[in-house]
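Heads up, the thing below is written out as structure tokens.
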Amino acid sequence: MRLHEYQAKRLFSEAGIQTPASGLASTVEEAVEAAESIGYPVAIKAQVHVGGRGKAGGIKLADTAQEAREAAGEIIGMDLKGYTVDRVLVEAAVDFVTELYVGVTMDRGAGKPVAMVSTKGGVDIEEVAESDPDAIAREHVDPAHGLHPYQARKAVYDAGVEREFAGDVAAILSTLYDLWDETDGSDAEINPVMITDDGAVVAADAVFNVDDDALFRQSEIAQLEGETSGDDLESMASEYGFDYVRLDGNVGIIGNGAGLVMTTLDLVDYYGGAPANFLDIGGGAKAGRVRNALEVVFADENVDSVVFNIFGGITRGDEVARGINDALEAFDEIPNPVTVRLAGTNSVEGMEILNTELVTVEETLEAAVQRAVADAEEVAQ
Ligand code: GDP
Ligand code: MN
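Numbering (the working numbering), first residue to last: 31 to 411.
Quick look at the structure:
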């Protein structure tokens, strides 16, 4: 589960990390009101789950009420990389001299948590990790002992943070690690940590993701779930209990089993198409579930064709075929061409049952994917 910046900052602030004074707003009026009570200059920041909001126009500084009004007016309702902005965080602008990066995540290669610091803050850290990996100081942590204070200081010195601020930055890293550990974080990062000319060390941005499998014991964070997705399709899919990830292509994909769906995504890409989503319908594929899956995929306005990739195991192919027929018959009009590939138990029976007035049936996965890619191209034209 991915928290919004304002939610993550609330956690950080409660843990003792300094964050700018702020207010949340969903209308221009509220934004101006927040700015007035904070005092100028303010930063107005889109609350959507995308990185690089700054570059994409989702963050603006305002020196006056008039500017705050204009900035909030431009940001609220804007489309930021496929997400509609419905809330902004209005914050006291930070006048910074230096931007740092501080983060904690699980290093799966090493099988240990890792705490990181870099003086290359404020920029895309993935890019730094690739082009200049030595610019990120890393300390692996034994989870039984936590991040030792000397490790936090070492990471800060290794990164080359100025001595004057080293203690404060090390304290932020330690606090972030403890928070990450206590709240079952998966990724936590502050990019940038800003150092102001009067020496304050402030968390100017905040990313905090929590392990979904731990939400049962993180009830306070789990409560925030409703307001976190930010994508209506993802909320809808999550209500239906699907594993769903929205992507930016136009070929909708529905399959049973994560590996099967991933393979389908890869093949769509291989045949020159672009996947619109990952949707794992899970075990069983009764009509109700198929219908819900189709509802989610059809609701994505980018989708131009849909491919089903179903492997019959315990769920037999004929049952799935009936589910697909029933689900599609319930639509007055099927919005996009649908191709089905069935394999496994009773797949031959299933293919015979499928109503070819509603779907195209292909015998192989390759053929089904090529068909869906071709359909999408044709519809898109
Ligand atoms: P991101 O682009 O989504 O990662 O959003 P950030 O919150 O990290 O902001 C991106 C950049 O905008 C920062 O690195 C700063 O350069 C700038 N920025 C954000 N907030 C402020 C602020 O309060 N004051 C100033 N001067 N710049 C800011
Ligand atoms: Mn950032």
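All residues carry an ideal CB built from backbone N, CA and C; glycine is no exception. Given the structure is predicted, the values throughout are model-derived calculations rather than measurements.
Within the same chain, and ignoring the five residues on either side of leucine 119 in sequence, the residues whose Cβ sits closer than 7 Å to its Cβ are Glu35, Tyr36, Ser52, Leu54, Lys75 and Gln77. A direct Cα-to-Cα measurement between leucine 372 and glutamate 157 gives close to 41 Å. DSSP places glutamate 212 in the uninterrupted alpha helix (DSSP H) bounded by 193-212.
Under the three-pair Cβ rule at 8 Å, the stretch 369-384 counts as touching the stretch 346-355. Here the distance from the Cβ of aspartate 235 to the nearest heavy atom of ligand 2 is below 6 Å. Take the alpha-carbon of isoleucine 155 and the one of alanine 45: they are about 24 Å apart.
Closest by C-alpha distance to threonine 57, out of Gly81, Phe308 and Glu104, is Glu104.
Here the distance from the Cβ of asparagine 332 to the nearest heavy atom of ligand 2 is not below 6 Å. In the DSSP assignment, proline 222 is bridged to no other residue. Comparing alpha-carbon positions, the option among Leu254, Pro222, Val237 and Glu331 lying closest to valine 281 turns out to be Glu331.
Secondary structure note for glutamate 44: its alpha helix (DSSP H) is the uninterrupted segment 35-45. Going by C-alpha positions, threonine 49 is about 5 Å away from valine 232.
Inclusion of valine 298 and alanine 398 in the CB contact set at 7 Å is not warranted, their separation being larger than that value. The alpha-carbon of threonine 293 is positioned some 14 Å away from that of alanine 306. Where alanine 404 is concerned, the enclosing alpha helix (DSSP H) starts and stops at 395-410.
In the DSSP assignment, arginine 32 forms a beta bridge with Asn239. Taking non-hydrogen atoms of ligand 1 into account, the C-beta of arginine 117 is found less than 6 Å away from none of them.
Under DSSP, tyrosine 131 shares a beta bridge with Ser148. Counting other Cβ atoms within 10 Å of its Cβ, isoleucine 344 stays below 16 and is therefore classed as exposed. Beta-bridge pairing by DSSP links tyrosine 113 to Leu110.
The straight-line gap separating the alpha-carbon atoms of glycine 312 and asparagine 322 is approximately 12 Å. Taking 7 Å as the cut-off, the beta carbon of arginine 83 is found no closer than this to the beta carbon of asparagine 239. Secondary structure at proline 163: helix, using DSSP grouped into helix, strand and coil.
Within the stretch 285-320, the complete alpha helix (DSSP H) segments of 4 residues or longer fall at 288-300, listed in chain order.
Between the alpha carbons of isoleucine 225 and proline 179 lies a gap of roughly 21 Å. Set against 6 Å, the gap from the CB of asparagine 366 to the closest heavy atom of ligand 2 is not smaller.
In the displayed model, proline 367 falls within coil according to three-state DSSP, outside both helix and strand.
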